[in-house]
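Residue numbers (the numbering used here), protein chains in the order written: chain A, 18 to 232; chain B, 18 to 232.
Read the structure below first, then the notes.
2 protein chains.
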Amino acid sequence: MTGQVRTVDGRVAGRRGQETRQKLLDCLREMLSTSPYRDVKVIDVARMAGTSPATFYQYFPDVEGAVLDIAEEMAKDSVELKELIDGKSWAGKSGTTTSEELVDGFLAFWRKNDAILRVVTLGAAEGDKRFFKIRMTVLNSVAKPLADAIKDLQAKGQADKAQDAAAVAGSLISLLASAAEHQKAFTSWGVKVKDLKPTLAPMVYLGVTGKKPPR
Amino acid sequence: MTGQVRTVDGRVAGRRGQETRQKLLDCLREMLSTSPYRDVKVIDVARMAGTSPATFYQYFPDVEGAVLDIAEEMAKDSVELKELIDGKSWAGKSGTTTSEELVDGFLAFWRKNDAILRVVTLGAAEGDKRFFKIRMTVLNSVAKPLADAIKDLQAKGQADKAQDAAAVAGSLISLLASAAEHQKAFTSWGVKVKDLKPTLAPMVYLGVTGKKPPR
DNA sequence: GCGGTAAGCTGACGGCATGACAGGACAAGT
DNA sequence: ACTTGTCCTGTCATGCCGTCAGCTTACCGC
Chain A
18 MTGQVRTVDG RVAGRRGQET RQKLLDCLRE MLSTSPYRDV KVIDVARMAG
68 TSPATFYQYF PDVEGAVLDI AEEMAKDSVE LKELIDGKSW AGKSGTTTSE
118 ELVDGFLAFW RKNDAILRVV TLGAAEGDKR FFKIRMTVLN SVAKPLADAI
168 KDLQAKGQAD KAQDAAAVAG SLISLLASAA EHQKAFTSWG VKVKDLKPTL
218 APMVYLGVTG KKPPR
Chain B
18 MTGQVRTVDG RVAGRRGQET RQKLLDCLRE MLSTSPYRDV KVIDVARMAG
68 TSPATFYQYF PDVEGAVLDI AEEMAKDSVE LKELIDGKSW AGKSGTTTSE
118 ELVDGFLAFW RKNDAILRVV TLGAAEGDKR FFKIRMTVLN SVAKPLADAI
168 KDLQAKGQAD KAQDAAAVAG SLISLLASAA EHQKAFTSWG VKVKDLKPTL
218 APMVYLGVTG KKPPR
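The structure is reproduced here in structure tokens:
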């Protein structure tokens, strides 16, 4: 079901080939986190991997194609984010804990995949459907369970029924995503990073429950 | 004070030169909104402007340099965003209006400068100080007055004093920025664009006042 | 007008990345 | 050792980058 790895010209890649391919992906990942996306060249990636540009083109159509592979890998990892919501309680004090853990977990995931998410975000914003879908996968892994949780609360009369659950969940996840992307920005507003969680978590709590967080 | 426009090699640009320069900037702007940033080539911009690549290099060190010029122009325009906050009231019903107009105005500005803001956002995320500063200028043009408004409310006892005003304002503006950047994402969550304002505006109101918006 | 000067533009060029191919190296089975 | 299929690279045509010398155009004082 995973489908064998194939070269651009259709051959199936063997053990050695897959190693080379992976090495190229690793080097590209490294490259993305140290140079601007626009300046990442095939030749540099190949050189770093101790191979030649021709080899790169055997496994990937171009830089973008290779980035997509890395991004898809990351999208698979993002299922772990569901755990930040599933089975968690939003009632009273434990609701505060849930929102704090959500903020922490999400920011951590984003930080871990910083460089690749930057490119995915750009691609999505530029209208590339493949990048857009990957971004959706990542965000949905949190947004979907969150929307479900909100609907649950609404059904139990513990949240504002007038709000569209999906819209609220989407906005909140967007908020987290954007905060994650620009953590550095906050410091220039005179906001220390440690102030970020105490600010975001109550907003999440507010958005979900429509109530002020308990002290 | 504005400093004359100069070519890369130090000549001062005259009327014709400024026209050419402007035409190149316009074409670049157009180009950015139709092709991926990574694929925007000097030769294409020059061709579209009916001139030669060499001319481009007379006015700009490279594509990035030209983008910076466009971005700085836009940053200047962003002062108009202050009007969305200055002199507005957050008390009762008028607070709802204020937050709605803030959301509308901000989304409109972002949409208008979509393409260039995408690149600015990328540059900032990649750690480029110049792009970062420009992004700050835009966001601060709203975030600063908003933080002031929150401090005002706090002083009058109409808002939660435990919240850091700057942090709250920063988070809210981040929320707006990210929603603006990824409006398409919301539709894939089954959220219609017109649902966006009714969702964001109450969150802004909540963030600023700490109270549920009046119906 | 006239010539001088600075602005403005471009053709041409070396350098480098791209992307394709064919041929050689290598591993594994016979 | 031979065969077979995988894997890598040298090489090449193409196209963009970024620079320069040199030509054209506009402006200004006379």
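Every residue gets a Cβ at the ideal spot worked out from N, C-alpha and C, and that includes glycine.
Residue interval of the alpha helix (DSSP H) (run including residue i)
i, result
"residue 54 (chain A)", "Careful: residue 54 (chain A) lies outside any alpha helix (DSSP H) and carries neither H nor E."
"residue 235 (chain B)", "The requested residue 235 (chain B) is not part of the displayed model; chain B covers only 18 to 232."
"residue 158 (chain B)", "146 to 172"
"residue 209 (chain B)", "Where residue 209 (chain B) is concerned, there is no enclosing alpha helix (DSSP H), given that its DSSP letter is neither H nor E."
"residue 181 (chain A)", "From DSSP, residue 181 (chain A) is part of no alpha helix (DSSP H); its letter is neither H nor E."
C-alpha distance - residue i paired with residue j, whole-angstrom precision
i, j, result
"residue 185 (chain A)", "residue 220 (chain A)", "11 Å"
"residue 88 (chain B)", "residue 130 (chain B)", "9 Å"
"residue 114 (chain A)", "residue 122 (chain B)", "35 Å"
"residue 28 (chain A)", "residue 77 (chain A)", "13 Å"
"residue 61 (chain B)", "residue 50 (chain B)", "14 Å"
"residue 107 (chain B)", "residue 64 (chain A)", "59 Å"
"residue 204 (chain B)", "residue 128 (chain B)", "16 Å"
"residue 224 (chain A)", "residue 48 (chain A)", "38 Å"
"residue 126 (chain A)", "residue 112 (chain A)", "21 Å"
"residue 182 (chain B)", "residue 217 (chain A)", "13 Å"
"residue 35 (chain A)", "residue 22 (chain A)", "8 Å"
"residue 18 (chain A)", "residue 101 (chain A)", "The pLDDT assigned to residue 18 (chain A) is 44, lower than 50, so where the model puts this residue is not dependable, and the model offers no usable value."
"residue 179 (chain B)", "residue 229 (chain A)", "13 Å"
"residue 45 (chain B)", "residue 72 (chain B)", "14 Å"
"residue 158 (chain A)", "residue 137 (chain B)", "28 Å"
Residue i at chain B interface by Cβ criterion, 8 Å
i, result
"residue 19 (chain A)", "A caution first: residue 19 (chain A) carries a pLDDT of 49, below 50, which makes its placement in the model unreliable, though a value can still be read off. So no, residue 19 (chain A) is outside the interface."
"residue 246 (chain A)", "Nothing can be reported for residue 246 (chain A), as the shown portion of chain A is limited to 18 through 232."
"residue 224 (chain A)", "yes"
"residue 216 (chain A)", "yes"
"residue 198 (chain A)", "yes"
DSSP state of residue i mapped onto helix, strand, coil
i, result
"residue 62 (chain B)", "helix"
"residue 187 (chain A)", "helix"
"residue 70 (chain A)", "helix"
"residue 176 (chain A)", "coil"
"residue 107 (chain A)", "coil"
"residue 121 (chain B)", "helix"
"residue 143 (chain A)", "coil"
"residue 77 (chain B)", "coil"
"residue 231 (chain B)", "coil"
Which residues DSSP lists as bridging residue i, in chain order
i, result
"residue 29 (chain B)", "B:23"
Beta carbon proximity, residue i to chain A, threshold 8 Å
i, result
"residue 70 (chain B)", "no"
"residue 185 (chain B)", "yes"
"residue 181 (chain B)", "yes"
"residue 65 (chain B)", "no"
"residue 231 (chain B)", "no"
"residue 195 (chain B)", "yes"
"residue 53 (chain B)", "yes"
"residue 85 (chain B)", "no"
beta-carbon residue i near the ligand SAM non-hydrogen atom, thresh 7 Å
i, result
"residue 188 (chain A)", "Here there are no bound small molecules, and the ligand SAM is not part of this structure."
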